[in-house]
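One structure is given here, and the rest of the page talks about it.
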Amino acid sequence: MPKTNFKCGFVTLAGRTNIGKSTLLNQIMQAEIAIATHKPQTTRHLIKGIYQDEQCQIIFIDSPGMHQPADQLGRNMRKAASVAIQETDAVVLLIDARSELEIGEIEKQIIDLATSSNKDLILVVNKIDLVEKTRILPLIQEYIKYTDFKAVVPISAKNNDGIDLLLAEIKDVLPKNSPLIIDGSYTDQTERILAAEYIRAEIIEQISEEVPYSVAIKIEEFNEIFDINHLRVKVQIHATIFVDRENHKMILLGKKGRQIAALGKASRERISEMLDCPCDLMLYVKVRTDWRNKYSQLKELGYSSQDLIL
Ligand SMILES: Nc1nc2c(ncn2[C@@H]2O[C@H](COP(=O)(O)OP(=O)(O)OP(=O)(O)O)[C@@H](O)[C@H]2O)c(=O)[nH]1
Ligand SMILES: [Mg+2]
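Reminder that position 50 of the sequence shown reads as 47 in this note's numbering, one-by-one numbering, no gaps.
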C-alpha cells in the first residue's frame, strides 16, 4: 500500500558533550535506549531510535558528543559523530541555553560539516529550564546570523518541554518516503548492549574522577531461562568490567568488595526492569593496560570506528 504523503528519514542529534542529546532521544522514545548521565562523554557509539506515527517515521541517531579526543577511543567516537552528520537527512544541533552570546568552536565545526554536506539544520536550544527566558532570543540571533536554520526550537529535554514542536519541525524537513524500517523495532540496541550500557551508567554515576573513562564492559554470558510455556523466567548475565589501571580496579572493588556489590545491585535492578524479568548478575573486574589506544582491544570491546558506526 503506497503511502504517498508519508515522510521518512534519518535525523542526527549532534552537539557538544553533555548537552542533552541522549536525554532528548530517551524523552522522544519514552524509553531508556541511550544512557544519559551528568558527566561528559557518556555516549560512545551511534544509537538508533525509531519514532513512528501516522504521518512519518523518524530514524534518530544519537551521536557521541563532539570533543577534543585524548586517545584512540575518543578519535573513533569523533569519527562516528562526523559520519552521522554527513550520512543523514537532517541534523539537529543542540546548544545550551546558558551559553555565552557567541557561537562555540565545536558548534561551528558541526554547522560547517552539516552545511558542506548539504544537510538541513535545525537549532535546538536545550536546558531552557535553567535560564531566564530573556536570555534565549539573543543567543538564537547569534546563530541565525551565522547560518540558515530550517527551524529554531527552544526545549527542555529533561522536562519534556517543546518536544512536540520539535517533532513537528523535523517532520516538515523530512523527505517523502515509505517507512524504511518495517519490522516494528524501535531501536537497534539489543538487550545485551543495553545491559552493558546500564552497568557503565552505574559506574559513571557512582564512581568519581577518571575511572568511568577507563571502563569498558563485555557481556561474557547472557543465558535466558524459560519455563514450560516458553515464558522467560530469568536471565543470567556474566559481565567483565575492563579498566586500564590496577588502582582503578581497587576503586571499583572498594573496601571489602562493597563498591562492586553496590554496582551489581543497582545494575541488576535496572537491567531486570528493562528485561521485564528477574536477572542474576555476576560482575568481574580485569585490568587491560591502555586498552583505549590498542586497536585489537578496541575491536574486541566493540569500539573500533567501524563498530561505533554500524
Ligand atoms: N536542567 C536540565 N538538564 C538537562 C536537560 N537535558 C539534559 N540535561 C542533563 O544534562 C546531562 C547530560 O545529558 P546527556 O543526555 O547525557 O547529554 P549528551 O549530550 O548525550 O552527552 P554525551 O553523550 O556525553 O555527549 C544530564 O545530567 C541530563 O540530565 C534539560 O533540558 N535541563
Ligand atoms: Mg549521550
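Even glycine gets a Cβ: it sits at the ideal position worked out from N, Cα and C.
Being a predicted model, the structure only gives us computed values, none of them experimental.
Whole-number beta carbon distance between residue j and residue i, since they are thought to touch under 8 Å
i	j	result
E217	T237	6 Å
K246	V282	5 Å
S153	K130	At roughly 12 Å, the Cβ-Cβ gap does not stay under 8 Å, so S153 and K130 are not in contact.
A94	P151	7 Å
Exposure label - residue i; buried when at least 16 CB within 10 Å
i	result
P37	exposed
F239	buried
V230	exposed
F223	exposed
I189	The sequence given here places Arg at residue 189; Ile does not occur at that position. Classification of R189: exposed, given that the 10 Å Cβ count is below 16.
Q54	buried
N226	exposed
E102	exposed
N325	The requested residue 325 is not part of the displayed model; the chain covers only -2 to 307.
K262	exposed
Opening and closing residue of the beta strand (DSSP E) in which residue i lies
i	result
G46	I44 to Q49
G299	It is not in any beta strand (DSSP E) - G299 carries neither H nor E in the DSSP assignment.
L280	C276 to V284
K4	K4 to A11
Q65	From DSSP, Q65 is part of no beta strand (DSSP E); its letter is neither H nor E.
I58	C53 to D59
Cβ shell of residue i (< 6 Å), same chain only, five flanking positions each side left out
i	result
M74	R41 and P61
I137	V149
Cβ neighbours of residue i in the same chain (closer than 7 Å, five flanking residues each side left out)
i	result
R285	F239, D241 and Q294
I201	T34, K36, T39 and P209
N308	Here the chain has residues from -2 to 307 only, and residue 308 is not among them.
S264	Y195, I196, E199 and L278
K168	K4, Q52 and C53
A31	S19, L22, N23, T40, I44 and D59
Same chain, Cβ closer than 8 Å to residue i, five either side skipped, listed in chain order
i	result
T112	L118 and T144
A11	K18, S60, M63, A78, A81, I82, V88, V89, L90, L91, I107 and A111
Residue i - containing alpha helix (DSSP H), residue span
i	result
N115	N115 -> no alpha helix (DSSP H), and no H or E assigned at all.
P135	I133 to Y143
V80	Q69 to Q83
Q24	K18 to M26
A263	R255 to L272
Quick check for students: name the residue ranges of the beta strand (DSSP E) that lie wholly in the region 168 to 239, counting only runs of 3 or more. 213 to 223
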